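Chemist: Numbering (our numbering), first residue to last: 11 to 382.
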Ligand SMILES: C[S@@+](CC[C@H](N)C(=O)[O-])C[C@H]1O[C@@H](n2cnc3c(N)ncnc32)[C@H](O)[C@@H]1O
């Protein structure tokens with residue numbers, strides 16, 4: 011199978027590295043994701059295990075496309091009768107950028123017509139009830155390059171299943187997992203988020219630390235595709251992935267605190283829903299008063315930026331407090347994501363490493379201040 015793992019801008023390289031670790035072949039990062047070759051079983055493993063990607067798509071056609079006729083022919087050439095069940099609910103979504111064809115709606119309707127014409131031709135059926143499983147099909151045109159793909163994931167991969175309530179400015183799970191990956195923290199070490207909000211960073215660190223697949227407890231669209239389940243024993247793959255979880259690796263390692271009682275209530279609920287109760291400690295405390303007993307560790311945080319929460323001055327005072335927090339913990343490194351260019355000045359020292367990332371549409375920097 012030729013596949014595409016889509017990813018937020020800036021995370022493509024991390025996703026490519028994850029794919030290689032999962033055994034995918036011919037991995038190539040590109041804008042918005044990474045393409046790869048895999049067996050059906052590996053593609054399912056990617057759905058279960060990828061931490062930083064948004065979706066896994068099965069690529070069915072890729073070619074230059076300059077007209078609706080070319081689009082129709084390219085979509086019709088895909089052997090849909092092999093992929094779609096008789097009662098498939100066929101949902102075509104579209105994307106067009108810098109291409110000759112720029113009407114998403116027309117591309118969607120031409121593609122749907124091409125799929126149904128092909129099915130009529132090859133199966134002899136004339137009625138398509140579309141009452142069965144959902145088959146999300148993506149038709150995208152970028153600089154006249156057409157890609158037709160079947161979504162294997164369904165709901166995006168960041169929907170791990172543990173978050174049911176959003177706080178004021180929650181971090182997307184996939185970005186939180188990326189920050190854990192980019193930080194110097196490794197399983198077995200202490201990690202603390204001093205402004206943990208709804209708990210996304212500690213939870214993602216715990217999943218990573220325990221080698222727990224983020225998708226192990228949820229369903230994927232491909233599990234309802236007969237062509238896919240004929241090739242992969244999804245229950246067996248899921249069970250073997252679940253068996254690899256080892257909570258002993260994170261015992262006493264991961265914690266978070268926050269000033270706000272309401273955010274903590276949500277964080278505790280998410281920890282419980284993630285099945286991590288007793289494995290991640292959370293408490294209410296302003297970071298100005300935080301003093302941890304451990305000699306070494308990593309602070310990982312997503313403090314308010316001023317754009318969305320609180321005003322800029324208050325946020326900058328908080329960055330100063332983060333600097334003091336690290337000074338009180340000389341064996342600890344501190345990593346923070348912020349959109350405020352004044353972060354380092356307020357923090358009181360230059361970061362040892364920086365990386366540009368996007369939190370939604372907000373351009374941010376991920377700053378690493380090494381232990382001293
Ligand atoms: C951007 S939110 C963090 C969101 C979190 N990463 C999540 O996924 O939900 C920033 C958090 O910093 C907390 N905060 C602000 N000032 C604080 C302080 N002085 N001490 C501790 N936490 C603080 C806020 O209560 C808020 O929950």
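Note that the Cβ used here is the ideal one computed from N, Cα and C, for glycine as well. All of these numbers come straight from a predicted model, not from anything done at the bench.
The beta strand (DSSP E) that contains residue 137, what's its start and end?
Modeler: Neither: residue 137 is in no beta strand (DSSP E) and is coded neither H nor E.
Chemist: Could you pull out every residue in the same chain whose Cβ sits closer than 6 Å to the Cβ of residue 157, ignoring the five residues on either side in sequence?
Modeler: 72 and 150
Chemist: DSSP puts residue 39 in a beta bridge; with which residues?
Modeler: 44
Chemist: Classify residue 104 as helix, strand or coil using the three-state DSSP reduction.
Modeler: strand
Chemist: May I ask which residues mark the beginning and end of the beta strand (DSSP E) holding residue 311?
Modeler: 307-311 is the extent of the beta strand (DSSP E) around residue 311.
Chemist: Whose C-alpha, out of 43, 33, 144 and 42, is nearest the C-alpha of residue 53?
Modeler: 33
Chemist: Going by C-alpha to C-alpha distance, which of 342, 268, 69 and 288 sits closest to residue 303?
Modeler: Comparing alpha-carbon positions, the option among 342, 268, 69 and 288 lying closest to residue 303 turns out to be 342.
Chemist: For residue 152, which residues does DSSP report across the bridge?
Modeler: 107 and 155
Chemist: Which whole-angstrom value is the C-beta distance of residue 50 and residue 236, which I expect to be below 8 Å?
Modeler: That pair is no contact at about 12 Å.
Chemist: If you count every other CB in all the chains shown that lies within 10 Å of the CB of residue 351, and 16 or more means buried, which is it?
Modeler: exposed
Chemist: For the 8 Å Cβ check, are there 3 or more pairs between the region 86-100 and the region 138-146?
Modeler: By the criterion of at least three beta-carbon pairs nearer than 8 Å, the region 86-100 is in contact with the region 138-146.
Chemist: Is the beta carbon of residue 333 within less than 6 Å of some heavy atom of ligand 1?
Modeler: no
Chemist: Please report the residue range of the alpha helix (DSSP H) in which residue 336 lies.
Modeler: 322-338
Chemist: Taking the beta strand (DSSP E) that residue 68 falls in, what are its first and last residues?
Modeler: 65-74
Chemist: Under 6 Å from any heavy atom of ligand 1, does the C-beta of residue 207 make it?
Modeler: yes
Chemist: Residues in its own chain within less than 7 Å of residue 278 by CB, not counting five upstream and five downstream?
Modeler: 292
Chemist: I'd like to check one pair, residue 163 with residue 238: are the Cβ atoms closer than 7 Å?
Modeler: The answer is no: Cβ separation not under 7 Å.
Chemist: Rounded to whole angstroms, what's the CA-CA distance from residue 26 to residue 334? Just pull it up for me.
Modeler: 36 Å
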